[in-house]
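Below: one structure, written as C-alpha cells.
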Amino acid sequence: MLYYIKKIVTIQDYAVTCLFNTDEVRTVNLKAIIEKYRRINDGLISRLSDADYFKSVKLDSYGTLVWDNGVDFDPDNLYRMSEKEIAPF
Numbered sequence: 028m029l030y031y032i033k034k035i036v037t038i039q040d041y042a043v044t045c046l047f048n049t050d051e052v053r054t055v056n057l058k059a060i061i062e063k064y065r066r067i068n069d070g071l072i073s074r075l076s077d078a079d080y081f082k083s084v085k086l087d088s089y090g091t092l093v094w095d096n097g098v099d100f101d102p103d104n105l106y107r108m109s110e111k112e113i114a115p116f
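If you count by this note's numbering, then the sequence shown holds residues 28 to 116, one letter each, in order.
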C-alpha cells in the first residue's frame, strides 16, 4: 500500500500528528533526523531545527509534509516511522 497524509492534525516540537489515508492518526517525530542534520549544518533539513520554522510545515497535493525551503519527506517513510495515536482526535 502507498501511504499519504490526508490532514495535519497538530504540530508540536519537531513532531507532526497526521491523519493518513488508512484513517489512522499517527505522530511522526522528526527530532532525531533534524538533530543529525543540524550537527552537520546541511543548510536544508538543519533549518527545521528552528522551532518556529518547523511549525510552518504544510501538506502538499501529494500527501506529504513540506517546508518552503524545499524540504519534504516521502509519505511512505513518514508512515513507517510514525506511531499510532491511541487517543481520538
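Every residue gets a Cβ at the ideal spot worked out from N, C-alpha and C, and that includes glycine.
Excluding the 5 residues flanking it on each side, residue 87 has same chain C-beta neighbours closer than 6 angstroms at 93, in chain order. The three-state reading of DSSP puts residue 67 in helix, counting H, G and I together.
Beta-bridge pairing by DSSP links residue 43 to 38, 55. The secondary-structure analysis by DSSP pairs residue 92 across a beta bridge with 86.
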